[in-house]
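Each remark here refers to the structure printed beneath this line.
Protein chains: 2
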Amino acid sequence: MVNGSTRIRILDTALDLFGTRGVGTVSLDDIADAVGIRKQTVLYWFKSRSGLIDAVLDHAADELLVVVEAAIRSQGDEPLDRVDAVVCAVFRPVVRRPALLGLIREVTRLDESHINHLRGRLSAVVDRCVSYLRSEMEKGRLRTCDPMVLAGLLYSTVSGTGTEPIVLETFGWEPNAAGLRQVRRELRSFVRAALQPN
Amino acid sequence: MVNGSTRIRILDTALDLFGTRGVGTVSLDDIADAVGIRKQTVLYWFKSRSGLIDAVLDHAADELLVVVEAAIRSQGDEPLDRVDAVVCAVFRPVVRRPALLGLIREVTRLDESHINHLRGRLSAVVDRCVSYLRSEMEKGRLRTCDPMVLAGLLYSTVSGTGTEPIVLETFGWEPNAAGLRQVRRELRSFVRAALQPN
DNA sequence: AGATTTGTCTACCAAATGGTAGAGACGTGA
DNA sequence: TCACGTCTCTACCATTTGGTAGACAAATCT
């Protein structure tokens, strides 16, 4: 592969389309049109639609992992601050690249093979998060509960908030920069309150 | 409409398929096959795919509204208990009819016309929830924050938890009856902690 | 009984889908 | 110069899609 730029443009475009419109409703033609090439060029770089999906999931996982890893390693001993940093980190793509979390959330709609593919890429961070939560609970610095389920709840809250602006609009919210900042602020104090040791 | 049973069987089946696999990836043939009829019979009862989608959204909204309205009217003056009742109510379909919340969540993937259709059906309850949260905050019986965004956060947490068992599995959770009870328990105390007045 | 309405079907159709085969343009190394 | 690998394209193809037209049977009405 000498010229990788086409490949990457396809990945980026597919990520955006898959993430915003749903994997199942985006055709190879849609992607090719958006990139400005023919469908056959897409099939040259990725041997099938299914292969493209896996590649896009990898692409998304890469992008997400970088952000999260950095936040996990952020300084500060207090667990509430640390969780806060991760929440902010995961929330950032909501503004900069809304499709990213949207794609991760698509996982429920994919078939087993793609699910496992993505799981393999994310399981390490996930395990790390869960055991971190557990250890802080044991030290009494977080509200005690099941750390596994808590991690899931946190994920649902953050990703749901980020991927469903349309729902927020139904609640009367205004979709602009100020609105997003407000949501992030509320999200952070919501999570903080939910984690406060009792 | 003399014979309504076919119509209703189509609606029920379509709700399940749309909710679990995503609206965009389910064809009229899929639905017809699942019901045990031909696609043309589906098109006899619903004049187009788009019409069927709206009807299914109505069907889902009906089912959800009944549950939520009942919970809202539940006795008990303490707002934390009241919110708790609604959370439980919304969580019930997660067990009994997983597709229901899955379909509501699909709203982000639909086009404007269907979104507005569903919004029209749900806006009344939504408004009621928001103003209830606001009034209880003013009385100092809930943590003070933006009630609109809070309602959105609660929705995201509950619906995300309910619709993404696959994600929970990634976190190490076991998908069985005991697991679901545990998730509900954690979800309730999570929400309770997040709402506690400070 | 005869006419009409109701409900499901078979037979199509045009468009879109994922995918194959292979032509041709382009640069690179021998 | 010539062979070769790289990259994008045109030309197809079989299947599936949402949708139309109308046949046919059963129930209902007059």
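Chains A and B supply the protein sequences, listed in that same order. Offset between the first sequence (1-based) and our numbering: plus 107. Offset between the second sequence (1-based) and our numbering: plus 107. All C-beta atoms, glycine included, are put in the ideal place defined by N, C-alpha and C.
| Asked | Found |
| --- | --- |
| Reference residue 144 of chain A; option with closest CA among A:130, A:113, A:156 | A:113 |
| CA nearest to the CA of residue 230 of chain B, picked from B:168, B:195, B:240 | B:168 |
| The stretch 202 to 217 of chain B in contact with the stretch 113 to 129 of chain B per 3-pair CB rule at 8 Å | yes |
| Option in A:247, A:118, A:263, A:172 with minimal Cα separation from residue 156 of chain A | A:118 |
| Per-residue contacts from residue 188 of chain A into chain B (C-beta, under 8 Å) | Those do not exist, as residue 188 of chain A stays about 18 Å from chain B at its closest Cβ, beyond 8 Å. |
| Rounded straight-line distance, which links the Cα of residue 209 of chain A to that of residue 139 of chain A | 21 Å |
| Exposed unless 16 or more other CB atoms sit within 10 angstroms - verdict on residue 115 of chain B | exposed |
| Contiguous alpha helix (DSSP H) assignments of at least 4 residues, all confined to the stretch 122 to 187 of chain B | 135 to 142, 146 to 152, 156 to 179 |
| Given 8 Å, three or more beta-carbon pairs between the stretch 250 to 265 of chain B and the stretch 269 to 282 of chain A | yes |
| The stretch 166 to 185 of chain B / the stretch 195 to 207 of chain B touching (three or more Cβ pairs under 8 Å) | yes |
| DSSP state of residue 279 of chain A mapped onto helix, strand, coil | coil |
| Environment of residue 202 of chain B [buried if 16+ CB atoms lie within 10 Å] | exposed |
| Alpha-carbon to alpha-carbon, residue 194 of chain B and residue 286 of chain B | 17 Å |
| Among A:301, A:150, A:158, A:142, nearest to residue 249 of chain A - alpha-carbon criterion | A:301 |
| Run of the alpha helix (DSSP H) containing residue 293 of chain A, from where it starts to where it stops | 284 to 302 |
| Closer than 8 Å to chain B by CB, residue 125 of chain A | no |
| Residue-level contact to chain B via CB, residue 148 of chain A, 8 Å cutoff | no |
| Minimum Cβ-Cβ distance from residue 248 of chain A to chain B less than 8 Å | no |
| Residue-chain proximity (residue 198 of chain B, chain A), Cβ-Cβ < 8 Å | no |
| Distance, residue 142 of chain A Cα to residue 252 of chain A Cα | 47 Å |
| Cutoff 7 Å; reference residue 199 of chain A; Cβ partners in own chain excluding five residues on either side | 174 |
| Within-8 Å CB hit, residue 151 of chain B to chain A | no |
| Span of the alpha helix (DSSP H) around residue 264 of chain B | 254 to 270 |
| Residue 292 of chain B versus residue 283 of chain A - alpha carbon distance | 35 Å |
| Residue environment, residue 191 of chain B, which counts as buried when at least 16 other CB atoms sit within 10 Å | buried |
| Residues near residue 299 of chain B by beta carbon distance below 7 Å, same chain, minus five either side | 187, 191 |
| Which listed residue (B:171, B:256, B:294) has its alpha carbon closest to that of residue 269 of chain A | B:256 |
| Under 7 Å by beta carbon: chain B residues contacting residue 136 of chain A | Ordered by position in chain B, no residue passes the 7 Å Cβ test against residue 136 of chain A, which lies about 15 Å from the chain. |
| Cβ-Cβ distance between residue 279 of chain A and residue 237 of chain B below 8 Å | yes |
| C-alpha gap between residue 137 of chain B and residue 242 of chain B, whole angstroms | 47 Å |
| Inter-residue Cα distance where the pair is residue 163 of chain B and residue 305 of chain A | 44 Å |
| Where residue 250 of chain B falls: helix, strand or coil (DSSP) | coil |
| Residue-chain proximity (residue 168 of chain A, chain B), Cβ-Cβ < 8 Å | no |
| Segment limits, alpha helix (DSSP H) that includes residue 223 of chain B | 219 to 245 |
| Residue 259 of chain A classed as buried or exposed, judged by whether at least 16 other C-beta atoms fall within 10 angstroms | buried |
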